[in-house]
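Read through the structure below, which is laid out as structure tokens, and then see the notes.
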Amino acid sequence: MFVILAWVLACVAGGYAATKTYQFTGVVKAVEGSTFSVEKSAKETWTFETSKDTKGTPKAGDKVTVYYKMVATEIENRPSTPTKPAPPRKK
54 MFVILAWVLA CVAGGYAATK TYQFTGVVKA VEGSTFSVEK SAKETWTFET
104 SKDTKGTPKA GDKVTVYYKM VATEIENRPS TPTKPAPPRK K
């Protein structure tokens, strides 16, 4: 009985595993509504979108570290290209 309970709890906990977080540090260049841009270097600027659950408020000119998660919002499936069968080998 204990083994079954432990297995069920492990499966449930696996479904709630923490999503990996990433971070991006730079200077806030622009804030427009629910989006803001952070410049890490002259060649690298990222734009982020905030939600009601986002902690902190970015202001232009602030040096910030943004903690974010990669979350898929849509997945479009396409049929894969069929591969050509290999030519028969000569004996």
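Using my numbering, you'd call the opening residue of the sequence shown number 54 and step up by one each time.
Ideal Cβ positions, reconstructed from N, Cα and C, are used throughout, including at glycine.
Every value quoted in this text rests on a predicted model; they were computed, and no experiment measured them.
Where do the N-terminal and C-terminal ends of the beta strand (DSSP E) with residue i fall, by residue?
| i | result |
| --- | --- |
| Glu97 | 97–102 |
| Val90 | Correcting the residue identity first, residue 90 is Ser in this sequence and not Val. Note, Ser90: beta strand (DSSP E), 88–94. |
| Thr72 | Run containing Thr72: none; DSSP gives neither H nor E here. |
| Val124 | Here Val124 belongs to no beta strand (DSSP E), and DSSP marks it neither H nor E. |
Does any C-beta atom of chain C lie closer than 9 Å to the C-beta of residue i?
| i | result |
| --- | --- |
| Ser87 | You won't find chain C in this structure, because it holds only one protein chain. |
Grab me the residues of residue i's own chain with a C-beta within less than 8 Å of its C-beta, minus the 5 sequence neighbours each way, in chain order.
| i | result |
| --- | --- |
| Ala83 | Phe89, Ser90, Ala113 |
| Asp115 | Val80, Val81 |
| Ala66 | The predicted position of Ala66 is uncertain, since its pLDDT is 49 and thus under 50; no value can be drawn from it. |
| Lys73 | Lys122, Met123 |
Thinking residue i and residue j are a contact (beta carbons under 8 Å), I'd like their distance in whole angstroms, please.
| i | j | result |
| --- | --- | --- |
| Phe101 | Tyr121 | 7 Å |
| Lys93 | Thr78 | 7 Å |
Once the 5 residues before and after residue i are set aside, which same chain residues still bring their CB inside 7 Å of it?
| i | result |
| --- | --- |
| Glu129 | none |
| Pro141 | none |
| Pro150 | Nothing about residue 150 can be read from this structure; the chain reaches only from 54 to 144. |
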